[in-house]
Amino acid sequence: MTARCKPFQSLTLLLSLLAVIMCLATPLWAQETPSEATEPEVEETDSFKAPVIVDGDMLFFLRGSSALPAPERAESVQNKIIEVAEASEEPTVNISFEDTELGIRIRADGVIVSIVTVADAELDQMELDVLSFLHGQAIEEAILAYRANRTEQARVSGAIEAAAWTFGFVVFIVAILWLHRRIRRRTLKFVKRHLRDVETATAKSVQAEAIAALVRYGLNFVLLIIFFLGFYYYLSFVLLAFAETRYFAQLLLTYLTEPVLLIFKGVISYIPNLIMLALITWVAMYIIKGMRVFFDAVEAGSFDMGDFEKHWVNPTFNIARVVVVLIALVFAVPYIPGSDSAAFQGLTLLVGAMLSLGANSVVSNMLAGLFVIYRRSTSIGDRIQIGDHIGDVVQIKLMETHLKSIKNELISIPNAQLMNSDVVNFSKKTDGSGLLLHTTVGIGYEEPPEKVEAMLIEAARRTKGIKAKPEPFVLWTALADYAINYQINGYTTRGSIIPKIRSDLHRNIVAVFNENNVQIMTPSYMADPPEPKIPAEEWDGHLAHETHEDANKP
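Residue numbering for the sequence shown follows the working numbering, beginning at -7 and increasing consecutively.
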């Protein structure tokens, strides 16, 4: 019987046997001195076996010695077999055996091809004459196959086979090019058809083109891999059709097929883990879907959760979703490929260290964002003041809060700053009275205080946005050097337009004081002027105010 296997498998077997021999010899080396251990190691290495390969087929193994290493002995036998095979074109070979002192000599057509030694028999654990007969059979079959593969008929058959593979490869290339062109034409239409419901503007069209480009890139990459594999196997099969190149074809097939099969076997063996990952994913998605239904019901008012506010629904759902995803990841990590490797664990530690060292501000802003959402200090739509910024809250994110100022400017404030600053909310109702709007004017001591107070209250009553009940009132805030500082106070529930209300109040104060010939003191007072500093012409404050409002109407 002829022993046949692939060259790469033979090399693997050789290396495995070498490793076993070295492991078995290790206890002996440990008991000897270094000088004594050197010689057996060299002797064991020189006597290692090597395969005899002809036309890519492995015939048998030969054992070497210190005088004739195994690779050199195997190469000599290979050359002898090829020499005998090329010496004649006869369809038969005469194999003979001779007993010698070294072993049994094998002749092919009278040419000495090999000698089977006792060491070879011990290597294969067979009787010497049985092993010699098997070697003779293998040599005979190799010579006959070598001659048959180089006949005119074999070469014509190989050429036809190579032409068939070439034709198939041409068809394969045509199919690849057709798919490539079809991908270019169809991808954008396919993506746009599925994004038709969300495409409403040019920006959406650009987004669809970007997605289509990504899809095309992925499909073209897959086609490139398929083309490479097709060309690789085409080249291997063409080389396999001819005897002279069959050995290289088998090497090519071995180098690519074995890794592919190894990957395929790994994928097959990983199917139970994939099923477990799919199950964990399905359970997590089902729980998240159930939470979405529950929070939608809470937002719609189907469930009464006491003081739970509606604007907490989405943030709470997002937090709960993140928690579910993290728990699912904890269960899924043991089933992820390579999760038990040192590299994966080291990468996990590295990512954790990077997050802990470089994400302090990020984490602080995230926590502050949660406190901002749940502490009820502000909500979307509120008019608030943070430091020098006044505006309406338009969005509360996890990292920052967006305000639209009274000048229609978009202001982004980090949530950590929002947590550490005083927030004045003009929209929250503390009681039924509303916000207390106030402004201060300085009036000379010569004016009767009752008259001044009455004029200020009248100005407040004329101002739209200031409530009549509770009534406006006046406070004396200071007795300055040249004037008394009167503060007019009025209640309003329209906190979003306080700048407009204050502006109208100032306009009405000036109008009322002008009507009553009362001078408002300037900041720098030197002496009383000969005439009060008031307009000479009468000015109807009501008419001017109404005219101003009419001009602002669309």
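For glycine and all other residues, C-beta sits at the position ideal for the given N, C-alpha and C. It should be emphasised that the depicted structure is a prediction, and the values quoted were computed from it without experimental measurement.
Pair within 7 Å by beta-carbon distance, residue i and residue j
{"i": "E77", "j": "R139", "result": "Per the sequence shown, the amino acid found at residue 77 is Ala instead of Glu. For A77 and R139, yes; Cβs fall inside 7 Å."}
{"i": "A42", "j": "A62", "result": "yes"}
{"i": "T484", "j": "L429", "result": "yes"}
{"i": "G128", "j": "I73", "result": "no"}
{"i": "W157", "j": "Y226", "result": "yes"}
{"i": "L216", "j": "A130", "result": "no"}
{"i": "L253", "j": "A241", "result": "no"}
{"i": "D112", "j": "R55", "result": "yes"}
{"i": "A360", "j": "A408", "result": "yes"}
{"i": "V105", "j": "I96", "result": "no"}
{"i": "L390", "j": "I403", "result": "no"}
{"i": "A460", "j": "G482", "result": "no"}
{"i": "I168", "j": "R208", "result": "no"}
{"i": "G434", "j": "N477", "result": "yes"}
{"i": "N400", "j": "T370", "result": "no"}
{"i": "I280", "j": "V316", "result": "yes"}
{"i": "V457", "j": "R499", "result": "The question names Val, but residue 457 is Gly in the sequence shown. In this structure, R499 does not lie closer than 7 Å to G457 by Cβ."}
{"i": "F89", "j": "S57", "result": "no"}
{"i": "A312", "j": "M283", "result": "yes"}
{"i": "V510", "j": "E439", "result": "yes"}
{"i": "L547", "j": "I107", "result": "As shown, the chain starts at -7 and ends at 546. That puts residue 547 outside it, with no answer to give."}
{"i": "Y224", "j": "L245", "result": "no"}
Cβ-based burial, residue i [other Cβ within 10 Å; buried from 16]
{"i": "S228", "result": "buried"}
{"i": "N310", "result": "exposed"}
{"i": "P464", "result": "buried"}
{"i": "A204", "result": "buried"}
{"i": "Y278", "result": "exposed"}
{"i": "T469", "result": "exposed"}
{"i": "D91", "result": "exposed"}
{"i": "D49", "result": "buried"}
{"i": "E81", "result": "exposed"}
{"i": "I405", "result": "buried"}
{"i": "F505", "result": "buried"}
{"i": "R375", "result": "buried"}
{"i": "E442", "result": "exposed"}
{"i": "N71", "result": "exposed"}
{"i": "L16", "result": "Per-residue confidence for L16 stands at a pLDDT of 39, beneath the threshold of 50, marking its modelled position as unreliable; the derived number appears in the next sentence. By the 10 Å Cβ count, L16 comes out exposed."}
{"i": "V34", "result": "Annotation note: pLDDT 35 at V34 (below 50); position unreliable, coordinate value reported separately. Burial call: exposed."}
{"i": "D496", "result": "buried"}
{"i": "A276", "result": "buried"}
{"i": "A335", "result": "exposed"}
{"i": "G293", "result": "exposed"}
{"i": "E450", "result": "buried"}
{"i": "L20", "result": "Because L20 carries a pLDDT of 36, less than 50, the predicted location of this residue cannot be relied on, and the following value inherits that uncertainty. By the neighbour-count rule (16 or more Cβ atoms within 10 Å), L20 is not buried but exposed."}
{"i": "I263", "result": "exposed"}
{"i": "G150", "result": "buried"}
Supposed contact pair residue j and residue i - C-beta distance, whole angstroms, cut 8 Å
{"i": "A66", "j": "V44", "result": "5 Å"}
{"i": "S333", "j": "V325", "result": "Not a contact, Cβ separation roughly 12 Å."}
{"i": "N265", "j": "Y327", "result": "4 Å"}
{"i": "S397", "j": "S488", "result": "Not a contact, Cβ separation roughly 12 Å."}
{"i": "G222", "j": "F159", "result": "Their Cβ separation, rounded to whole angstroms, is 13 Å, which puts G222 and F159 out of contact at 8 Å."}
{"i": "V314", "j": "E291", "result": "Their Cβ separation, rounded to whole angstroms, is 19 Å, which puts V314 and E291 out of contact at 8 Å."}
{"i": "I378", "j": "V343", "result": "So it is not a contact: roughly 35 Å between Cβ atoms."}
{"i": "A233", "j": "A154", "result": "5 Å"}
{"i": "I135", "j": "V85", "result": "5 Å"}
{"i": "T455", "j": "I493", "result": "6 Å"}
{"i": "Y388", "j": "I372", "result": "With the sequence shown as reference, residue 388 is identified as Ile, and Tyr is not the correct amino acid for it. The Cβ separation is near 6 Å, so the contact holds."}
{"i": "L467", "j": "Q479", "result": "4 Å"}
Heavy atom of the ligand ATP within 6 Å of residue i beta-carbon
{"i": "K420", "result": "As presented, the structure is devoid of all ligands, the ligand ATP included, so that no description of it is given."}
Continuous beta strand (DSSP E) stretch holding residue i: start and end
{"i": "V275", "result": "Unbroken run through V275 is the alpha helix (DSSP H), 263 to 292; no beta strand (DSSP E)."}
{"i": "K459", "result": "From DSSP, K459 is part of no beta strand (DSSP E); its letter is neither H nor E."}
{"i": "F40", "result": "F40 -> no beta strand (DSSP E), and no H or E assigned at all."}
{"i": "A478", "result": "Checking the displayed sequence, the identity of residue 478 turns out to be Tyr instead of Ala. Where Y478 is concerned, the enclosing beta strand (DSSP E) stretches over 476 to 484."}
{"i": "Q377", "result": "375 to 378"}
{"i": "R55", "result": "49 to 55"}
{"i": "V466", "result": "465 to 471"}
First and last residue of the uninterrupted alpha helix (DSSP H) at residue i
{"i": "P491", "result": "490 to 507"}
{"i": "V76", "result": "62 to 79"}
{"i": "N310", "result": "305 to 324"}
{"i": "I449", "result": "441 to 454"}
Report the residue ranges of all beta strand (DSSP E) runs contained in full by the segment 388 to 426; include only those spanning at least 3 residues, in chain order. 392 to 397, 402 to 406, 415 to 417
Scan the segment 91 to 120 and note each continuous alpha helix (DSSP H) run of 4 residues or more that stays entirely inside, going in chain order. 110 to 116
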